[in-house]
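Engineer:
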Amino acid sequence: MELKEAEFVRDYINEIRAAYAVELKDTSPMEQYMALGHLIKRYNSENWTDTSKSYRKNDVKQVYYFSIEFLPGRLLQSNMLNLGITDVVKKGIRNLGLDFDKIVRAEPDPGLGNGGLGRLAACYMDSMASIGMAGNGNGIRYRYGLFKQVFMDGYQVELPDDWLRNGNAWEVRRENRACLVKFGGHVWMQEQPDGSLKPVYDHTDDVLAVPYDTGIIGYHNVVTNTLRLWSAELPPNAEEKYYSQSQRDNIDDITKVLYPDDSNEEGRSLRLRQEYFFSSAGVQSIVRHYLSGHISLKRFAQKVAIHINDTHPTLVIPELMRILMDEHDCPWDLAWQITTSTMSYTNHTIMQEALEKWPIPMFQGLLPRIYQIVEEINRRYRAAKIPVFGEDIVDRTAPLGDGQVRMAYLAVIGSHSVNGVAPLHTELLEKDVLADLYRIYPEKFNNKTNGIAERRWLEVANQPLTKLIDSKIGKEWHFNPKLLQELSAFEGDTKFLNQLVDVKKENKQRLADYVQSEMGITIRTDAIFDVQIKRLHAYKRQVLHMLEIIREYLEIKHDPKAEVTPRVHIFGAKAAPSYHYAKSVIKVINALADLVNNDPDIGDKLKVVFIPNYGVSLGELIIPAADISEQISTASKEASGTSNMKLMTNGALSLATLDGANIDIIRAAGKQNEYTFGLTASDVYGYYHRNDYRSKAIYDSNPELQKVVNCLITNMIPGISTEGREIYDSLLQYNDEYFVLADYADYVKQQKQISQDFKDVETWQKKSLANIAASGTFSADYSVARYAEDIWQVPYKRILK
Ligand code: GL7
Numbered sequence: 001m002e003l004k005e006a007e008f009v010r011d012y013i014n015e016i017r018a019a020y021a022v023e024l025k026d027t028s029p030m031e032q033y034m035a036l037g038h039l040i041k042r043y044n045s046e047n048w049t050d051t052s053k054s055y056r057k058n059d060v061k062q063v064y065y066f067s068i069e070f071l072p073g074r075l076l077q078s079n080m081l082n083l084g085i086t087d088v089v090k091k092g093i094r095n096l097g098l099d100f101d102k103i104v105r106a107e108p109d110p111g112l113g114n115g116g117l118g119r120l121a122a123c124y125m126d127s128m129a130s131i132g133m134a135g136n137g138n139g140i141r142y143r144y145g146l147f148k149q150v151f152m153d154g155y156q157v158e159l160p161d162d163w164l165r166n167g168n169a170w171e172v173r174r175e176n177r178a179c180l181v182k183f184g185g186h187v188w189m190q191e192q193p194d195g196s197l198k199p200v201y202d203h204t205d206d207v208l209a210v211p212y213d214t215g216i217i218g219y220h221n222v223v224t225n226t227l228r229l230w231s232a233e234l235p236p237n238a239e240e241k242y243y244s245q246s247q248r249d250n251i252d253d254i255t256k257v258l259y260p261d262d263s264n265e266e267g268r269s270l271r272l273r274q275e276y277f278f279s280s281a282g283v284q285s286i287v288r289h290y291l292s293g294h295i296s297l298k299r300f301a302q303k304v305a306i307h308i309n310d311t312h313p314t315l316v317i318p319e320l321m322r323i324l325m326d327e328h329d330c331p332w333d334l335a336w337q338i339t340t341s342t343m344s345y346t347n348h349t350i351m352q353e354a355l356e357k358w359p360i361p362m363f364q365g366l367l368p369r370i371y372q373i374v375e376e377i378n379r380r381y382r383a384a385k386i387p388v389f390g391e392d393i394v395d396r397t398a399p400l401g402d403g404q405v406r407m408a409y410l411a412v413i414g415s416h417s418v419n420g421v422a423p424l425h426t427e428l429l430e431k432d433v434l435a436d437l438y439r440i441y442p443e444k445f446n447n448k449t450n451g452i453a454e455r456r457w458l459e460v461a462n463q464p465l466t467k468l469i470d471s472k473i474g475k476e477w478h479f480n481p482k483l484l485q486e487l488s489a490f491e492g493d494t495k496f497l498n499q500l501v502d503v504k505k506e507n508k509q510r511l512a513d514y515v516q517s518e519m520g521i522t523i524r525t526d527a528i529f530d531v532q533i534k535r536l537h538a539y540k541r542q543v544l545h546m547l548e549i550i551r552e553y554l555e556i557k558h559d560p561k562a563e564v565t566p567r568v569h570i571f572g573a574k575a576a577p578s579y580h581y582a583k584s585v586i587k588v589i590n591a592l593a594d595l596v597n598n599d600p601d602i603g604d605k606l607k608v609v610f611i612p613n614y615g616v617s618l619g620e621l622i623i624p625a626a627d628i629s630e631q632i633s634t635a636s637k638e639a640s641g642t643s644n645m646k647l648m649t650n651g652a653l654s655l656a657t658l659d660g661a662n663i664d665i666i667r668a669a670g671k672q673n674e675y676t677f678g679l680t681a682s683d684v685y686g687y688y689h690r691n692d693y694r695s696k697a698i699y700d701s702n703p704e705l706q707k708v709v710n711c712l713i714t715n716m717i718p719g720i721s722t723e724g725r726e727i728y729d730s731l732l733q734y735n736d737e738y739f740v741l742a743d744y745a746d747y748v749k750q751q752k753q754i755s756q757d758f759k760d761v762e763t764w765q766k767k768s769l770a771n772i773a774a775s776g777t778f779s780a781d782y783s784v785a786r787y788a789e790d791i792w793q794v795p796y797k798r799i800l801k
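What follows is the structure, given as structure tokens:
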């Protein structure tokens, strides 16, 4: 948008006066931020209205991306960027004598997700708007986001994330679009005058779902889509009916907290209530919106695509069936045809425990009408498939089985498309996790490799690098990130390679300042910044990284005078509060950090920093500063990973197993520009089939490994007797479920190679450049374009191949 500095300054001062009735000089950074947020929202309001109007006028097909998590990150800078007003606003703010960085930091980072899955949903929202596609989000407005992590004596402590305390500048509450979601009660069939039966559903516990909409601004294209998050409230005219305190609490609880667990199904009815709540509210509002412009529901699937992001929103399937049949008298077959043509599903993990299942009594008690519909889906599925495929495979794949509702199977059966998130992951779905369903519905399966919001991870997070790239290849890559490939022409340009060094140094200094001020640890910027940022999980193998730190420590202790390439090991990771083992890993790494960072023999050759409270905002600080991107999951376990892509874009070299999208990154940037190691997925499956992995044998045959692992149970690392023992036992007593010891030697070899290679600055920078240049293909712009073409059948404006 066009904006003059003088105009902005005048508007901003007026905004502050109107909102706070004080002079600018008397406002806090939070007030300055809120006023700026409101002003920018106002500047964009016309785009938002016009986008909705034009979708309606042109009867455009809309995508609704249902996700129980969205991790959008702070919106101020990315909204300014997308509107093209960054420079003007920054200059105006500066000339008013305010500190722009302080204003940016005053914005709370909405933690409405756990990790990659939630962040992916947010990246896709940004990209859908940016390529000019009608794509909306549908989720939950959690009153409290993912916990705030602090360390006390090295242990993780969880504090509530009261992110809405000062209000939310970007959202609009739309009470007039609220709808009722019904739980519990009874269903019976009532005979109609024409002799047919119709379900009557009464004595329900009703909850009011109130939508809060946030405009998702497209990049320089006047498009603004909508992210709709639902909040649970008492129904209207609640005062006419008595609600006990516990009934009120029950309603409040539905949208109170995000489940702080990124893989395990919580097994509690509240989680199921959350899932039905936002699925039902979302589908109701979609049908209502559709019917405001169409007389019949017959063409619904031509105008609406609903995407099921992991199994959590699977109940959109029976919910749409219910609305079509019970509220619009659609016969079953037509309703089923509309539903399956509308729905598509993405699986995000092969971890068995994440394939949600609900005990039938709980499900039926909470959602009696929905359960009837699932039963009927189940009955028809069996009737149609048993004659063709036999009873065994149908038993194994039916939506109901073993006394449970099997959400992943329901999602596959009720959708026309099922996709994994990287080629290896999709292959494993077909061969292993969903192999039976793949046999029955091979045509539904496809791959859509994940992508990231390149512009946020470069233009917002890494302005120095962005400026440098622009100076070389212009700005067209902002619209078409694959053009970053043009940078490879400068591989031999020493001056440019040196400029890359300067950029990295500047970013490392920014991070070093943060670490100094927040943690009191001094780190040197000429060290290798070796970064592992992701949720703490055994399969991600932070333990392997930890063993390497112990090895490096012992090596320096053994010969303090020997020359070493200095290193800073940087971790960011939250552990699910109930995940005991993960919390022990945090404690041990923190204890190790204390030992290493305070040992005079070690000095500044080796530092370990576990930065608390990792999230999108810290990612923006850490990622641009990374030299090494640790992507060391056990092959086959990480469906895709997305921090691997963000780090690559920012010039880090991957130290990676052949897992998830690492494989695609390595192919894109060239094997010679990454450090790969370890078992392949088929090696891992080989061990499973033969059942012959013995971690003890590896331990016995490698004296160096013994020395390192034993440090977990000697008193070398102070204060970790039980936690160290726990990890030690997981590796030896319990046969090392994630093959840490199997990969140890190969991993260490690559770590040593890295220390060697880092000394040759020019060669290193060439590799870094190769990563940046090849990273464009991992832009989420292309991912959503592929979803649009292959799955959703929706148009978009910017042509992306
Ligand atoms: C995840 C996968 O673990 C991760 O590999 C993937 O990149 C991400 C997005 O597709 O989805 N699945 C999952 O349950 N979480 C993930 O991050 C929490």
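Each residue of the sequence shown is one higher than the one before, starting from 1 at the first, in UniProt numbering. Positions of the beta carbon are idealized from the N, C-alpha and C atoms, including for glycine.
1) What does a CB cutoff of less than 8 Å around I323 pick up in its chain, not counting 5 residues either side in sequence?
2) Three or more C-beta pairs under 8 Å: does that hold for the segment 657-675 against the segment 560-577?
3) Taking the alpha-carbon of I440 as reference, which of H425, R382 and Q485 has the nearest alpha-carbon?
4) So, with DSSP's three-state summary, where would you put G118?
5) At 4 residues or longer, and completely inside the segment 448-521: list those alpha helix (DSSP H) runs for me, N to C.
6) I'd like to confirm the pairing. Which residues does DSSP put opposite W332 in its beta bridges?
7) May I ask you to check if the CB of L117 is nearer than 8 Å to at least one heavy atom of ligand 1?
8) Terminal residues of the continuous alpha helix (DSSP H) containing S721?
9) Report the option in P612, P481 and F778 whose CA atom is closest to the CA atom of S643.
10) Please specify which runs of the alpha helix (DSSP H), each continuous and at least 4 residues long, are wholly inside the segment 357-411, giving them in chain order.
11) Can you give me the C-alpha to C-alpha distance between D432 and P442, rounded to a whole angstrom?
12) Beta carbon of D310: closer than 8 Å to some heavy atom of ligand 2?
13) Can you round the beta-carbon distance between Y738 and Y579 to whole angstroms, since I take them to be within the 8 Å contact cut?
14) Cutting at 8 Å between CB atoms, please list the residues of its own chain near D326, excluding the five before and the five after it.
15) Please report how far the alpha carbon of L655 lies from the alpha carbon of Y124, in whole angstroms.
16) Please specify which runs of the beta strand (DSSP E), each continuous and at least 3 residues long, are wholly inside the segment 94-163, giving them in chain order.
17) Could you work out which residue in T494, H558 and N710 is closest to L769 when comparing CA atoms only?
18) Taking the alpha-carbon of residue 825 as reference, which of D310, A354 and A453 has the nearest alpha-carbon?
19) Note down, in chain order, each residue of its chain lying with its Cβ closer than 6 Å to the Cβ of L647, except the 5 sequence neighbours on either side.
20) I want to know whether the segment 62-73 touches the segment 236-249 - three or more CB-CB distances under 8 Å.
21) Between Q192 and the rest of its own chain, which residues show a CB-CB distance below 7 Å, the 5 nearest in sequence each way excluded?
22) Between G403 and ligand 1, is there a pair consisting of the residue's CB and a ligand heavy atom that are separated by less than 8 Å?
23) So, with DSSP's three-state summary, where would you put D59?
24) Return the CA-CA distance between F490 and D436, expressed in angstroms with no decimal places.
25) Taking the straight line between their C-alpha atoms, what separation do you get for L229 and V784?
26) For a test of your reading of the model: does the CB of A576 fall under 8 Å from any non-hydrogen atom of ligand 1? Yes or no.
27) Secondary structure at S28, three-state DSSP: helix, strand or coil?
28) How close, in whole Å, do the beta carbons of G218 and A129 come, if the pair is a contact with beta carbons under 8 Å?
29) Specify the secondary structure class of A305 as computed by DSSP and reduced to three states.
30) The alpha helix (DSSP H) spanning E319 covers which residue range?
31) If I'm right that I308 touches Y345 with Cβ under 8 Å, what's the distance once you round it to whole angstroms?
32) Just reading off the beta strand (DSSP E) that residue 805 is part of, what are its end residues?
33) Suppose you measure from the CA of D526 to the CA of L367; what does that come to, to the nearest Å?
34) Within a Cβ cutoff of 7 Å, which residues of the same chain sit near K696, ignoring the five residues on either side of it in sequence?
35) How big is the Cα-Cα spacing for R524 and P566?
36) Take the Cβ of M133 as the centre, count every other Cβ of all protein chains shown within 10 Å, and call the residue buried at 16 or more, exposed below.
Structural biologist: Taking the structure as given:
1) V283, Q284 and V287
2) no
3) R382
4) helix
5) 463-473 and 494-519
6) None, per the DSSP bridge assignment.
7) yes
8) S721 to L731
9) F778
10) 360-366, 368-389 and 391-397
11) 13 Å
12) For the structure depicted, ligand 2 is absent and the ligand set comprises only ligand 1.
13) Not quite, the Cβ-Cβ distance comes to about 14 Å (not below 8 Å), so this is no contact.
14) K198, P199, Y201 and R369
15) 26 Å
16) 135-140, 145-152 and 155-161
17) T494
18) Outside the displayed span of the chain (1 to 801) sits residue 825, for which this structure offers no information.
19) I623, A626 and S629
20) no
21) K198
22) no
23) coil
24) 50 Å
25) 21 Å
26) no
27) coil
28) 4 Å
29) strand
30) V316 to R322
31) 4 Å
32) Residue numbering for the chain in the displayed model covers 1 to 801; residue 805 lies beyond these limits and cannot be assessed.
33) 59 Å
34) L732
35) 8 Å
36) buried
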